[in-house]
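Remarks on the structure that follows.
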Amino acid sequence: MEGRKISRRNFMAGTAAAGAAMAAPKIFANVQGSDTIKIGIVGCGGRGTGAVGNAVASTKGVQLIAMGDLFEDRLKGSQNTLKGAIKDAYQVGNRSFVGFDNYKHVMAEDIDYVIIATPPGVRAPILEEAVANNKHVFMEKPVATDARGIRRTIAASKESEAKGLSIV
Numbered sequence: 002m003e004g005r006k007i008s009r010r011n012f013m014a015g016t017a018a019a020g021a022a023m024a025a026p027k028i029f030a031n032v033q034g035s036d037t038i039k040i041g042i043v044g045c046g047g048r049g050t051g052a053v054g055n056a057v058a059s060t061k062g063v064q065l066i067a068m069g070d071l072f073e074d075r076l077k078g079s080q081n082t083l084k085g086a087i088k089d090a091y092q093v094g095n096r097s098f099v100g101f102d103n104y105k106h107v108m109a110e111d112i113d114y115v116i117i118a119t120p121p122g123v124r125a126p127i128l129e130e131a132v133a134n135n136k137h138v139f140m141e142k143p144v145a146t147d148a149r150g151i152r153r154t155i156a157a158s159k160e161s162e163a164k165g166l167s168i169v
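To convert, take the position in the sequence shown, counting from 1, and add 1; that gives this note's numbering.
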């Protein structure tokens, strides 16, 4: 390891991506009805992009269907990376969304589960939208930054259990 440096950002991106790959079997076990597992991503920075790559690599039949981010440059950068990295599994087409409501558009798509890789202050409403739209979820921690966000996350988690959805 001498002479090799790893930044905190690279370490966190790698561990988040590894977490998505490890979570995939649990989520995929709950997805029924098709040999294809369709995923969406909300938050297209380095962590989210890496998590998509790992999810696709974790098992056969995984396709990226929809992408959303607040910023167009983040979305485009992630698209460019993923088109080359996951090749045929990249099936986004015109299902990429930018703006404050991007997550609502992603959840409206025909996806089985969503990766939420946004800043923690906005994860609770995105989780609520995912559960309302019957999507399995992989999201990073911390799940929220304040008591209200934590309460919203707990309530959405209880609702997901009642619906038979997985949150990892």
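Backbone N, C-alpha and C define an ideal beta-carbon position, used for all residues, glycine too.
Predicted model only: the values in this text are computed from it and were never measured.
Collapsed DSSP secondary structure at Ser97 in the structure displayed: As a position in the sequence shown, residue 97 is number 96, starting the count at 1. Here Ser97 sits in strand by DSSP.
Residues near Lys105 in its chain [Cβ-Cβ closer than 7 Å; skip 5 each side]: Taking the sequence shown and counting its residues from 1, one reaches residue 105 at position 104. Excluding positions up to five away in sequence, the list reads Glu130.
Nearest to Lys211 (by Cα), restricted to the options Tyr91, Gly150, Ala163 and Ile151: One cannot answer for residue 211 here, as it falls past the ends of the chain, which runs 2 to 169.
Alpha-carbon spacing of Arg153 relative to Val144, whole angstroms: For the purposes of this step, residue 153 is identified with residue 152 of the sequence shown, where counting begins at 1. For the purposes of this step, residue 144 is identified with residue 143 of the sequence shown, where counting begins at 1. Using only the alpha carbons, I get a separation of about 10 Å.
Bridge partners - Val43, DSSP secondary structure assignment: In the sequence shown, counting from the first residue as 1, residue 43 sits at position 42. For Val43, which the question treats as bridged, DSSP gives the partners Gly69 and Ile117.
Whole-Å CB distance - Val115 paired with Ile40, under 8 Å assumed: For the purposes of this step, residue 115 is identified with residue 114 of the sequence shown, where counting begins at 1. For the purposes of this step, residue 40 is identified with residue 39 of the sequence shown, where counting begins at 1. Sure, about 7 Å apart at Cβ, within 8 Å.
Secondary structure of Gln80, DSSP reduced to three states: Here residue 80 is taken as the residue at index 79 of the sequence shown, counted from 1. Helix, per DSSP.
Contacting residues, own chain, Cβ-Cβ under 6 Å from Thr91 (five flanking each side not counted): Locating residue 91 in the sequence shown gives position 90, where the first residue counts as 1. Per the sequence shown, residue 91 should be read as Tyr rather than Thr. Cβ neighbours of Tyr91 beyond the five flanking positions: Leu65, Leu83 and Lys84.
For Val107 and Val43, believed in contact at Cβ under 8 Å, the rounded distance: On the sequence shown, residue 43 is found 42 positions in, with the first residue counted as 1. On the sequence shown, residue 107 is found 106 positions in, with the first residue counted as 1. With 8 Å as the limit, Val43 and Val107 qualify as a contact, their Cβ atoms being about 5 Å apart.
Residue from Lys88, Gly78, Leu76 and Gln80 whose Cα sits closest to the Cα of Val57: Position 56 of the sequence shown, counted from the first residue, corresponds to residue 57. If we check each option's Cα against that of Val57, Lys88 comes out closest.
Residue from Ile151, Gly69 and Asp102 with nearest C-alpha to Val93: In the sequence shown, counting from the first residue as 1, residue 93 sits at position 92. The shortest C-alpha separation from Val93 is found at Gly69.
Environment of Ile112 [buried if 16+ CB atoms lie within 10 Å]: Reading the sequence shown from its first residue, position 111 is the one you call residue 112. Answer is buried; the Cβ neighbour count reaches 16.
Pair within 8 Å by beta-carbon distance, Ala67 and Arg96: If you number the sequence shown from 1, residue 67 lands on position 66. If you number the sequence shown from 1, residue 96 lands on position 95. It is a contact, given that the beta carbons lie within the stated cut-off.
Cβ-based neighbour list, Leu76, same chain, cut-off 7 Å, excluding 5 preceding and 5 following: By one-based count along the sequence shown, residue 76 stands at place 75. Once the five neighbours on either side are set aside, the close Cβ partners of Leu76 are Cys45, Met68, Asp70, Ser97 and Val99.
Pro121 beta carbon less than 8 Å from that of Thr146: Taking the sequence shown and counting its residues from 1, one reaches residue 146 at position 145. Taking the sequence shown and counting its residues from 1, one reaches residue 121 at position 120. In contact: Thr146 and Pro121 (Cβ atoms closer than 8 Å).
Neighbour-count burial assignment, Thr60, 16 or more Cβ in a 10 Å radius: Numbered from 1 along the sequence shown, position 59 holds the residue referred to as residue 60. Classification of Thr60: exposed, given that the 10 Å Cβ count is below 16.
Rounded C-alpha distance that separates Gly150 from Asp36: As a first step, residue 150 must be located in the sequence shown, where it is residue number 149. As a first step, residue 36 must be located in the sequence shown, where it is residue number 35. Approximately 35 Å between the Cα atoms of the pair.
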